[in-house]
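In our numbering, each residue's number is its place in the sequence shown (first place is 1) plus 38. What follows is one structure encoded as structure tokens, with my remarks underneath.
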Amino acid sequence: MAIRDDNDPPAPLRVRIEPMTRKDLPEVMAIERASFADPWALVAFERELDNEFSRTPVARDEDGRVVGYTVYWVAGPEYHILNIAVREDARRRGVGRLLMNRIIADALRDKAEFIALEVRPSNLAARAMYRKYGFVTVGIRPHYYHDGEDAEVMILHLRP
Ligand SMILES: CC(C)(COP(=O)(O)OP(=O)(O)OC[C@H]1O[C@@H](n2cnc3c(N)ncnc32)[C@H](O)[C@@H]1OP(=O)(O)O)[C@@H](O)C(=O)NCCC(=O)NCCS
């Protein structure tokens with residue numbers, strides 16, 4: 039029998055990835071508000087659920103609760119990640135990675151050429167995750183965020 043030590047990293051969370059529905063929006067909004075200084079409004083998620091170019095998977099735990107979600111656009115050769123967040127108490131347990139795997143698998147299946155996103159330079163956790171997947175910084179959008187912080191534009195090239 040494996041004996042767990044308090045210093046061990048938390049075990050990966052068992053989740054399933056499913057499409058977001060309107061019923062998920064209260065849980066999604068709670069995660070969104072807890073995750074960002076400038077959270078999306080409810081109407082922004084509603085709009086993405088109706089947008090045919092938008093994909094909006096959620097990660098659910100074994101009890102069916104939403105522990106993470108992402109929103110990304112399929113725009114010809116480009117996939118664009120608009121949003122990704124994991125509930126605070128479920129972080130560092132592989133949920134972000136599973137959502138990223140879903141995006142990349144989708145993009146490869148669609149033969150997309152690259153995946154792009156914007157990220158705050160101060161967001162060390164997200165930048166570490168993107169870099170782990172091979173995203174590289176290709177530019178800066180000055181004063182992109184409401185509080186005036188720049189955005190780093192990061193890209194993952196899917197073709198040589
Ligand atoms: C970024 C975020 C989605 C990562 O989700 P997560 O479920 O914690 O990520 P994972 O456990 O799958 O980790 C994936 C990798 O990301 C990196 N990472 C995640 N959190 C990190 C942290 N706090 N510090 C350093 N690296 C981190 C690691 O490389 C990690 O791989 P490892 O666990 O093998 O070392 C999560 O921190 C979050 O919701 N942040 C708030 C919302 C946000 O900033 N979204 C991004 C907007 S651009």
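Yeah, the Cβ is synthetic: ideal placement off N, Cα and C, and Gly gets one too. If you're wondering where the values come from, they're calculated on a predicted model, not measured in any experiment.
- Look at SER160 here: in three-state DSSP terms it is coil, with no helix or strand label.
- Counting along the chain, the unbroken alpha helix (DSSP H) around GLY134 starts and ends at 133–147.
- DSSP places ARG165 within a helical segment (H, G or I) once states are collapsed to three.
- A distance of 8 Å or more separates the beta carbons of ALA123 and VAL157.
- Relative to ligand 1, the beta carbon of ILE122 is positioned inside 7 Å of a heavy atom.
- No Cβ-Cβ contact shorter than 8 Å links LEU146 with PHE173.
- For secondary structure counted as the beta strand (DSSP E) over 3 or more consecutive residues, the region 59–121 holds these complete runs in sequence order: 95–98 and 104–113.
- In the structure shown, the three-state DSSP call for GLU187 is coil.
- Listed as beta-bridge partners of HIS181 by DSSP are no residues whatsoever.
- The region 43–59 makes contact with the region 91–100: 3 or more CB pairs, one atom from each, lie closer than 8 Å.
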